[in-house]
Amino acid sequence: MKRLDSLLPPERVSLFEEDTLCYSFDATGIEERPMAVARPISTDEVSTIMSYAYERDIPIVPRGAGTGMSGGSVPLNNSIVLSFERMNNLIDIDASNLIAVVEPGVINGHFQRDLEALELFYPPDPASMDFCTLGGNVAENAGGPRALKYGVTRDYVLGLEIVMPDGKIALIGTKTQKGVVGYDLTRLVVGSEGTLAAITKIFLRLLPMPRAVITLLAVFDSVDASARAVSKIIASSIIPRTLEFMDRESIKAVEAFKPTGLPTTAEAVLLIEVDGSPKAIKEDTDRIASICIAHKADIQVADEPSARQRLWEARRAISPALYRISPTKINEDIVVPRSKIPEMLAYLRRLSEDLNIRIVNFGHAGDGNIHVNIMTDRENAEEFKRAGDARRKIFEAALKFGGTISGEHGVGITKAPFIPMEMHPASLGMMKAIKRLFDPKGLMNPGKIFEG
Ligand SMILES: Cc1cc2nc3c(=O)[nH]c(=O)nc-3n(C[C@H](O)[C@H](O)[C@H](O)COP(=O)(O)OP(=O)(O)OC[C@H]3O[C@@H](n4cnc5c(N)ncnc54)[C@H](O)[C@@H]3O)c2cc1C
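To convert, note that position 434 of the sequence shown is 421 in the numbering used here; the numbers rise steadily by one, no gaps.
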């Protein structure tokens, strides 16, 4: 039988345990060893590996940087990991048509910086942007703080080159700003978590760089007041580009991990950013500041790039900082209608007290997306069970408030058992039928999104 390591040069195939270890987990810490790892450098190589696996019924797990929060790139079922780390070329930036063409392994933050030099803007900014890939972002339909004003990854993907499970190469979508010919297969593949096809090229819509940006830090002495300020800002018809929330526990965790001068005695802060023309953003900033002051907040304004950078470093440090305060972090990313944020946060406080479990909250309050972190220890069976109970109750509450169980981290392995809580059986049936159509042998990232 032809061997996998005859398909690519030996330095791009790993077969031994010590070489595949780093491909066996993602940010959830769930771990399973793959059969092998392949690191292709072209679409043709991807196609060759996938047709090889298809003929032999071997599962394939596409992998970007492994920063996923739901286990999507964990290689279940003795799979071949298809790592896109070497397909990291920025193929083209077409400034006159505001379109970029990239390979999937390009790191989001590198792309952002290349565009900045050309005064161009790609809004999706997951907090992991310095180390996650654009392919992973497309497969997860990643969001970020700027989603409030600018939307999520799907709003910027015009078209894709994909490789089907049997190795066939297909182009879907368009390379133009508009296009309505046929079904929108691009939207189907965006967010499909590597379960339908491998993404090998991405056509992205760009924007001109906003002319000016101002960042505000609003410091509150009550979580409830901060949540009410969020609703009020949104209701006042101003759409800031970010409206991020951090509770006291997150502030303290960040300051202990990477001190940036956040106020550790505050109960909550909002990190608010507005962009646009200098005159308009000054007016919006003044209105937002007066709403926060009416909710008893103190305001700090950062209009210098270095001051803004410091605040964003603090925000991006929350997730790693939390790992320091307890050994296991169950990170959920529920969404509720924005008007329900005060009620949801009050519910989370009560739940934490009732179950005697530490819950730390932060997130993209402006679009109702709260990162709820249940802090626990997997080794403490009794506490870990309470953490599991808390998780289910949090999902139930999010759905009761008219929300969803995941705003950006996807279903992967961790939320697969909970999908039926949210999905109507008919839509779940349709999704499974689509999966069979793309992947009749069930070889693309099996065990993700759908259990079993
Ligand atoms: C500190 C931290 C902060 C984070 N902040 C955010 C945030 O603000 N917003 C947010 O949305 N997410 C966030 N995440 C989650 C994560 O970074 C995103 O989901 C990101 O999009 C994953 O990219 P990746 O390259 O690491 O993909 P991976 O984790 O490697 O893969 C994720 C999924 O995509 C699939 N996939 C990867 N590449 C391809 C491809 N080329 N073709 C087909 N399928 C593919 C995989 O099979 C898997 O199912 C954060 C994670 C961390 C650790």
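Here a beta-carbon is modelled for each residue, glycine too, at the ideal position from N, C-alpha and C.
It should be emphasised that the depicted structure is a prediction, and the values quoted were computed from it without experimental measurement.
Can you check the region 373 to 428 for any alpha helix (DSSP H) of at least 4 residues that lies completely inside it and give the ranges in chain order? 406 to 409 and 412 to 425
Contact defined as beta carbons within less than 8 Å: I believe Gly59 pairs with Lys435. What is the distance between those atoms, to the nearest angstrom? 6 Å
Residues near Glu231 in its chain [Cβ-Cβ closer than 8 Å; skip 5 each side]: Pro132, Leu257, Leu258, Ile259, Arg302, Phe349, Gly350, His351, Ala352 and Gly353
Is it right to say Glu(-2) is buried, meaning 16 or more other beta carbons lie within 10 angstroms of its own, or is it exposed? exposed
Mapping DSSP to helix, strand and coil, what is Leu135? Helix.
Short check: CB of Pro324 to CB of Gly397, under 7 Å? no
The beta strand (DSSP E) enclosing Val186, as first and last residue numbers: Per the sequence shown, the amino acid found at residue 186 is Ile instead of Val. Counting along the chain, the beta strand (DSSP E) containing Ile186 begins and ends at Ala185 to Arg192.
Residue span of the beta strand (DSSP E) that contains Asn356, given as start and end: Asn356 to Thr363
For ligand 1, is there any heavy atom lying closer than 6 Å to the beta carbon of Asn124? yes
Rank Ser277, Ala129, Tyr334 and Lys422 by C-alpha distance to the C-alpha of Ile220 and give the top, closest one. Ser277
Chain-order list of residues whose beta-carbon lies under 8 Å from that of Tyr310 (same chain, five-residue window excluded): The residues are Lys316.
So, at 6 Å on beta carbons, what are the nonlocal neighbours of Arg228 in its own chain, with the 5 sequence-adjacent residues on each side left out? Arg133, Lys136, Glu260 and Asp262
Excluding five sequence neighbours on each side, which residues of the same chain lie with their C-beta closer than 7 Å to the C-beta of Leu(-5)? Ala25, Pro27 and Glu32
Along the chain, which unbroken stretches of the beta strand (DSSP E) at least 3 residues long are found entirely within the region -6 to 51? List check, beta strand (DSSP E) in window: 23 to 25 and 47 to 50.
What does the alpha-carbon distance come out to for the pair Ala114 and Thr120? 12 Å
If you run the structure through DSSP and keep just helix, strand and coil, what is Met(-12)? The predicted model places Met(-12) with a pLDDT of 44, which falls under 50 and marks its position as unreliable; any figure quoted below should be read in that light. If DSSP states are grouped into helix, strand and coil, Met(-12) belongs with coil.
At a cut of 8 Å, does the region 59 to 72 reach the region 203 to 219 through at least three beta carbon pairs? no
Would you check if the distance between the CB atom of Asp271 and the CB atom of Ile225 is smaller than 7 Å? Yes.
Pick from Glu370, Trp299 and Val200 that is closest to Lys269, judged by C-alpha positions: Val200
For Val125, tell me which candidate among Arg336, Phe98, Pro412 and Val176 has the shortest Cα-Cα distance. Val176
Check whether Ala104 and Ile67 have beta carbons under 7 Å apart: no
Could you check if Val0 is buried or exposed, using at least 16 other CB atoms within 10 Å of its CB as the buried criterion? buried
Any chance the CB of Asn319 is under 6 Å from a heavy atom of ligand 1? Per the sequence presented here, residue 319 reads as Glu, with Asn not at that position. Incorrect: Glu319 has no Cβ contact closer than 6 Å to ligand 1.
Pick helix, strand or coil for Asp81, following the three-state DSSP scheme. strand
Work out the CA separation of Ile238 and Ala284 for me, nearest whole Å. 16 Å
Mind checking Lys327: buried by the 16 CB within 10 Å criterion, or exposed? buried
Please give the ranges of any beta strand (DSSP E) in the region 49 to 125, keeping only runs that are unbroken, at least 3 residues long and fully inside the region. 67 to 70, 77 to 81 and 86 to 89
Can you tell me the Cα-Cα spacing of Met(-12) and Ile36, whole angstroms? For Met(-12), the pLDDT reaches just 44, beneath the cut-off of 50, and the residue's location in the model is therefore unreliable, although a value from the coordinates is still provided. Each residue's Cα considered, the two are about 14 Å apart.
With burial defined as no fewer than 16 other Cβ atoms inside 10 Å of the residue's Cβ, what is the status of Ala145: buried or exposed? A quick correction: the sequence has Leu, not Ala, at residue 145. Classification for Leu145: buried.
Buried/exposed call for Ala308, threshold 16 Cβ in 10 Å: buried
For the structure I just gave you, are there three or more beta carbon pairs, one from the region 71 to 88 and one from the region 175 to 194, closer than 8 Å? Flag = yes, the region 71 to 88 and the region 175 to 194 touch.
Nearest neighbour of Arg141, chosen from Thr173, Glu18, Gln164 and Ile156 [CA to CA]: Thr173
With DSSP as the reference, identify every bridge partner of Gly316, one or two as the case may be. First, the residue type needs correcting, since residue 316 is Lys and not Gly in the sequence shown. Lys316 is bridged to Met362.
Within 10 angstroms of its Cβ, does Ala420 collect 16 or more other Cβ (buried), or is it exposed? exposed
Near Phe108, which residues of its chain fall below 7 Å by C-beta distance, leaving aside the five closest residues on each side in sequence? Leu102, Leu193, Leu194, Pro195, Met196 and Pro197
Report the three-state DSSP secondary structure of Gln287 (helix, strand or coil). strand
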